[in-house]
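Number of protein chains: 2
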Amino acid sequence: MADTLTTTALTLKDIARQAGVSLATVDRVLHNRPGVRPDTVRRVKEAIERNSFQPHVAAAELARGRARRFAFVMPSGPNPFMQQIQDYLGEMSGWLSSRRLGVETVATDVFDPSVLAASLEGLSDDYDGVAVVALDHPGVRAAIDDLVDAGTSVVTLVSDVPSSRRHHYVGIDNIAAGRTAGALVGRLVGQKSGKVAIVAGSQGLRDHAERIFGFNQVMASEFPGLGVLPVLEGRDEDARSEQLLARLLSRHADIVGLYNVGAGTQGVANALNEKALSDAGRDRQVVFVGHDVTALTRRLLLQGVMHAAISQNPGHEARAAVRVLLALARGEPILREQEKIRIDIVMRDNLP
Amino acid sequence: MADTLTTTALTLKDIARQAGVSLATVDRVLHNRPGVRPDTVRRVKEAIERNSFQPHVAAAELARGRARRFAFVMPSGPNPFMQQIQDYLGEMSGWLSSRRLGVETVATDVFDPSVLAASLEGLSDDYDGVAVVALDHPGVRAAIDDLVDAGTSVVTLVSDVPSSRRHHYVGIDNIAAGRTAGALVGRLVGQKSGKVAIVAGSQGLRDHAERIFGFNQVMASEFPGLGVLPVLEGRDEDARSEQLLARLLSRHADIVGLYNVGAGTQGVANALNEKALSDAGRDRQVVFVGHDVTALTRRLLLQGVMHAAISQNPGHEARAAVRVLLALARGEPILREQEKIRIDIVMRDNLP
DNA sequence: GGTGTTTTGAGGTACGCAACTCATTTTGAG
DNA sequence: CTCAAAATGAGTTGCGTACCTCAAAACACC
Numbered sequence: 001m002a003d004t005l006t007t008t009a010l011t012l013k014d015i016a017r018q019a020g021v022s023l024a025t026v027d028r029v030l031h032n033r034p035g036v037r038p039d040t041v042r043r044v045k046e047a048i049e050r051n052s053f054q055p056h057v058a059a060a061e062l063a064r065g066r067a068r069r070f071a072f073v074m075p076s077g078p079n080p081f082m083q084q085i086q087d088y089l090g091e092m093s094g095w096l097s098s099r100r101l102g103v104e105t106v107a108t109d110v111f112d113p114s115v116l117a118a119s120l121e122g123l124s125d126d127y128d129g130v131a132v133v134a135l136d137h138p139g140v141r142a143a144i145d146d147l148v149d150a151g152t153s154v155v156t157l158v159s160d161v162p163s164s165r166r167h168h169y170v171g172i173d174n175i176a177a178g179r180t181a182g183a184l185v186g187r188l189v190g191q192k193s194g195k196v197a198i199v200a201g202s203q204g205l206r207d208h209a210e211r212i213f214g215f216n217q218v219m220a221s222e223f224p225g226l227g228v229l230p231v232l233e234g235r236d237e238d239a240r241s242e243q244l245l246a247r248l249l250s251r252h253a254d255i256v257g258l259y260n261v262g263a264g265t266q267g268v269a270n271a272l273n274e275k276a277l278s279d280a281g282r283d284r285q286v287v288f289v290g291h292d293v294t295a296l297t298r299r300l301l302l303q304g305v306m307h308a309a310i311s312q313n314p315g316h317e318a319r320a321a322v323r324v325l326l327a328l329a330r331g332e333p334i335l336r337e338q339e340k341i342r343i344d345i346v347m348r349d350n351l352p
Numbered sequence: 001m002a003d004t005l006t007t008t009a010l011t012l013k014d015i016a017r018q019a020g021v022s023l024a025t026v027d028r029v030l031h032n033r034p035g036v037r038p039d040t041v042r043r044v045k046e047a048i049e050r051n052s053f054q055p056h057v058a059a060a061e062l063a064r065g066r067a068r069r070f071a072f073v074m075p076s077g078p079n080p081f082m083q084q085i086q087d088y089l090g091e092m093s094g095w096l097s098s099r100r101l102g103v104e105t106v107a108t109d110v111f112d113p114s115v116l117a118a119s120l121e122g123l124s125d126d127y128d129g130v131a132v133v134a135l136d137h138p139g140v141r142a143a144i145d146d147l148v149d150a151g152t153s154v155v156t157l158v159s160d161v162p163s164s165r166r167h168h169y170v171g172i173d174n175i176a177a178g179r180t181a182g183a184l185v186g187r188l189v190g191q192k193s194g195k196v197a198i199v200a201g202s203q204g205l206r207d208h209a210e211r212i213f214g215f216n217q218v219m220a221s222e223f224p225g226l227g228v229l230p231v232l233e234g235r236d237e238d239a240r241s242e243q244l245l246a247r248l249l250s251r252h253a254d255i256v257g258l259y260n261v262g263a264g265t266q267g268v269a270n271a272l273n274e275k276a277l278s279d280a281g282r283d284r285q286v287v288f289v290g291h292d293v294t295a296l297t298r299r300l301l302l303q304g305v306m307h308a309a310i311s312q313n314p315g316h317e318a319r320a321a322v323r324v325l326l327a328l329a330r331g332e333p334i335l336r337e338q339e340k341i342r343i344d345i346v347m348r349d350n351l352p
């Protein structure tokens with residue numbers, strides 16, 4: 001009837017008694033301090049294992065007594081998604097301060113590798129951990145590795161640098177995100193055949209490139225009836241995206257789907273609205289799939305202009321980054337499943 | 001450049017000094033103990049406010065010293081979704097025991113109100129908090145209210161009893177889930193017209209009824225071209241669901257969409273497969289939307305039999321329930337945004 | 001001014017662990 | 001067997017809070 005999952009009340013003292021050693025020796029083993037014979041280490045570890053002993057985190061935290069400081073290195077521009085992450089960090093302030101954790105955001109130009117690398121260098125003196133929205137570039141990778149070598153925990157956020165020695169990546173699999181977008185566009189277009197347009201910020205950005213790759217993969221294999229037009233590079237700017245897309249729409253009357261990979265959403269929506277007006281309400285609405293739930297995309301979804309948004313929960317990312325940094329600092333294990341960021345599909349009716 | 005979100009190092013001693021009182025008085029104020037003049041209370045609270053002081057949770061936890069016990073009251077049947085929740089609880093065991101938290105599951109027949117109520121009664125003596133998959137019934141409501149009156153924290157899980165005095169509901173908005181399912185079926189069917197079938201466990205179950213309500217809402221208002229057939233009640237059993245659905249499919253050749261509200265998924269899939277065989281590969285595949293990501297639905301999604309699953313992350317629900325119970329026990333605030341369960345749309349390419 | 005009551009101060013103990021010192025024992029090399 | 005090095009025991013202190021006791025002070029009332 002009642003299945004006990006956990007029952008612990010043991011302390012270090014109990015472990016010491018069971019292993020037949022003193023508290024000091026257990027402490028040495030627990031913290032990998034030198035001066036313990038291998039055989040003794042084994043006995044202690046066995047006692048710990050046998051009782052599945054877990055140090056009381058509250059006691060450990062209190063005894064250790066050190067306040068932790070984490071830095072979040074984020075883009076300086078007015079990116080609404082990044083702003084949301086910072087907002088959620090702010091909302092955590094009570095949670096943070098009651099644990100004596102300090103979180104500070106460092107704004108920098110994350111698109112300039114040398115500037116970003118410079119921002120990262122030297123952070124290790126002031127912070128126990130760093131979360132960074134990282135550009136994938138050799139200079140940045142070197143800076144990250146330096147931080148790690150200096151003993152600072154490093155987590156990449158939103159955008160990864162897989163070749164670096166960062167401890168963890170908090171973000172989504174962008175290829176899968178692109179595939180999901182492809183599947184959505186394809187399925188929502190339905191029977192119709194025609195062309196599909198892609199608007200991206202730049203194909204030089206790793207996350208954008210990966211999304212496009214995944215998108216094309218699905219379109220080619222599952223929706224051969226839909227031809228994908230060359231990618232428009234709108235640099236995440238509204239004006240440029242609108243202009244490029246408007247031109248494309250006027251040239252190809254048979255565009256039935258659109259994937260907006262990055263920002264510049266307002267511009268994309270404008271171009272689509274112009275077309276809708278000229279089409280005068282025929283059954284020619286373009287299926288529009290984009291990324292992230294912001295005030296704007298929320299409005300577009302509710303209006304029916306946009307059909308689906310691929311989203312990564314910014315609150316979850318902010319909290320996951322903090323939790324991972326904390327776990328790394330404490331030497332606790334990371335709950336992979338909990339910290340994994342899912343690819344959310346958001347339509348009008350499941351808007352968060 | 002660097003924006004400080006939090007910087008605290010104050011202790012109760014500092015607050016006492018600032019308020020010009022002793023530690024004992026601060027302690028009395030902090031814990032609403034009697035014997036402090038209103039004016040003094042104000043002075044202390046001001047000092048706390050002024051410094052936005054937060055007690056160090058680790059120290060508090062250690063001093064309080066009490067181990068917490070939580071009970072999870074769950075269905076006894078072989079429900080895969082519930083099993084997943086229990087699995088995730090098991091995975092948390094390390095996290096739990098390092099915080100001296102005990103979590104035990106109590107299996108019971110949650111569909112029988114008197115049995116469920118009986119299981120709940122008396123739990124308050126043994127547990128600090130209870131999470132319960134609750135049937136919405138007056139007897140159950142009374143049992144929940146009794147628990148709350150006895151000082152036990154109560155959280156409803158997956159299925160809510162809104163009229164009770166439970167402290168929190170961990171689960172999704174089922175009307176919105178049904179709406180989402182409706183929007184998916186409608187959009188994925190596309191231009192075609194025809195009928196849509198619904199298979200549910202029972203319309204007497206609150207969550208099923210709510211999902212159907214939301215589904216019909218969307219179908220009526222947005223997809224008038226699709227007629228919704230009467231709900232089949234499969235009692236979440238494979239055999240019965242298959243039989244009922246097979247009959248319906250043979251009677252209505254123009255069924256283009258299917259919403260499976262509850263379990264019995266294997267039966268539904270069997271019936272669809274039979275039809276697919278007899279249709280011999282024509283463009284008549286039925287759009288199939290169901291709930292939850294299990295081993296089975298995962299397979300069906302990958303095979304293309306099922307098109308989308310509406311899902312609530314069981315891991316998130318398990319962890320959220322524990323966190324909420326813990327926050328309630330400690331008197332800490334609940335991070336609403338973090339504990340909110342989202343409605344996930346899962347398609348083949350964003351399978352978790 | 002005396003009485004009883006309420007409010008406050010002062011202090012202690014305990015929680016479980018980290019981190020340290022210093023004395024003592026054991027071990028291994030010569 | 002000797003001596004230095006390595007391993008271990010025993011003990012202390014402090015982290016910030018909860019919870020408790022007892023005495024002293026302030027207050028209200030007659």
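Residue numbers (our numbering), protein chains in the order written: chain A, 1 to 352; chain B, 1 to 352.
Even glycine gets a Cβ: it sits at the ideal position worked out from N, Cα and C.
Keep in mind that this is a model prediction, so the values were computed, not measured.
query: If you measure beta-carbon to beta-carbon, which residues of the segment 325 to 348 of chain B are closer than 9 Å to chain A?
result: E332, P333, L335, E337, Q338, K340, R342, I343, D344, I345, V346, M347 and R348
Inset, instruction - Could you tell me whether the Cβ of A67/A comes closer than 8 Å to any Cβ of chain B? - result: yes
Requested in this report: Give a yes or no on whether 8 Å exceeds the smallest Cβ distance from G77/A to chain B.
Outcome: no
For this session: State the start and end residues of the unbroken alpha helix (DSSP H) segment that holds H208/B.
Result: R206 to E222
Check: Which partner residues does E233/A have in the DSSP bridge list?
Finding: A200/A
message: For chain A, check one thing: does any of its Cβ atoms lie closer than 8 Å to the Cβ of E61/B?
response: yes
Item to complete: Check the Cβ of L188/A against every Cβ in chain B and list those closer than 9 Å, keeping chain order.
Response: R187, L188 and G190
On the CB-based measure, 16 or more other CB atoms within 10 Å of its CB, does L232/A come out buried or exposed? buried
query: Considering only residues of the same chain and omitting the five flanking positions on each side of P352/A, which have a CB-CB separation below 6 Å?
result: none
Quick check: the Cα distance between V305/A and I212/A, rounded to an integer number of angstroms? 22 Å
Nearest to V106/B (by Cα), restricted to the options A117/B, R235/B, R100/B and L300/B: A117/B
Note down, one range per segment and in chain order, each alpha helix (DSSP H) of at least 4 residues found wholly within the segment 81 to 130 of chain A. 93 to 97, 113 to 120 and 123 to 126
### Task
Out of Q191/B, R206/B and Y169/B, point me to the one whose CA is closest to F223/B's CA.
Q191/B
Quiz item: So is S193/A buried or exposed if we call it buried at 16+ other beta carbons inside 10 Å?
Solution: exposed
Requested in this report: Note down the Cα distance separating R165/A from V44/B, rounded to an integer number of angstroms.
Outcome: 48 Å
Notebook entry, point to check: Would you call R50/A buried or exposed, if buried means 16 or more other Cβ atoms sit within 10 Å of its Cβ?
Noted result: exposed
Item to complete: With a cut-off of 8 Å on the beta carbons, I'd call A197/B and L258/B a contact; round off their distance for me.
Response: 5 Å
task = Taking 8 Å as the cut-off, decide whether the C-beta atoms of F81/B and D128/B are in contact.
result = no
Terminal residues of the beta strand (DSSP E) in which G290/A lies: V287 to H291
- Measuring CB to CB, does V155/A end up less than 8 Å from V170/A? yes
_Whole angstroms are fine: how far does the CA of L96/A sit from the CA of T8/A?_
A caution first: T8/A carries a pLDDT of 45, below 50, which makes its placement in the model unreliable, though a value can still be read off. Rounded to the nearest angstrom, the two C-alpha atoms are 27 Å apart.
Does L249/B come out as helix, strand or coil in the three-state DSSP assignment? helix
### Query
Can you list, in chain order, the residues of its chain whose CB lies under 7 Å from that of A355/B, leaving out five sequence neighbours each side?
No answer is possible for residue 355/B: it lies beyond the span of chain B, which begins at 1 and ends at 352.
* Asked: What in chain A is Cβ-close to T180/B, meaning under 7 Å?
  -> M347, D349 and N350
#### Entry: Option in G267/B, N350/B, A59/B and G20/B with minimal Cα separation from E46/B
G20/B
| List, in order along the chain, the chain B residues whose C-beta lies closer than 7 Å to that of R319/A? | Q338
field: Beta-carbon proximity check, M219/B vs G262/B, cutoff 8 Å
entry: no
How should G204/A be labelled, buried or exposed, when 16 other C-beta atoms within 10 angstroms of its C-beta is the threshold for buried?
exposed
Would you grab the beta carbon distance between D136/B and R206/B for me? Rounded to a whole angstrom, and I think it's under 8 Å.
5 Å
(request) Give the interface partners of R99/B over in chain A, defined as CB-CB distance under 9 Å, in chain order. (result) Q54, H56, V57 and A58
Determine the direct distance from the alpha carbon of N313/B to that of V346/B, and round the result to whole angstroms.
-> 11 Å
- Task: Could you check if P138/A is buried or exposed, using at least 16 other CB atoms within 10 Å of its CB as the buried criterion?
- Result: exposed
Between V268/B, L229/B and G102/B, which has its C-alpha nearest H291/B's C-alpha? V268/B
Practice prompt. Please compile the residues from chain A whose C-beta is within a distance smaller than 8 Å of the C-beta of A183/B.
Written response: M347, R348 and D349
Residues of chain B with CB under 8 Å from G194/A, in chain order? Neighbours of G194/A on chain B: none; closest Cβ ~13 Å, over 8 Å.
First and last residue of the uninterrupted beta strand (DSSP E) at G257/B: I255 to N260
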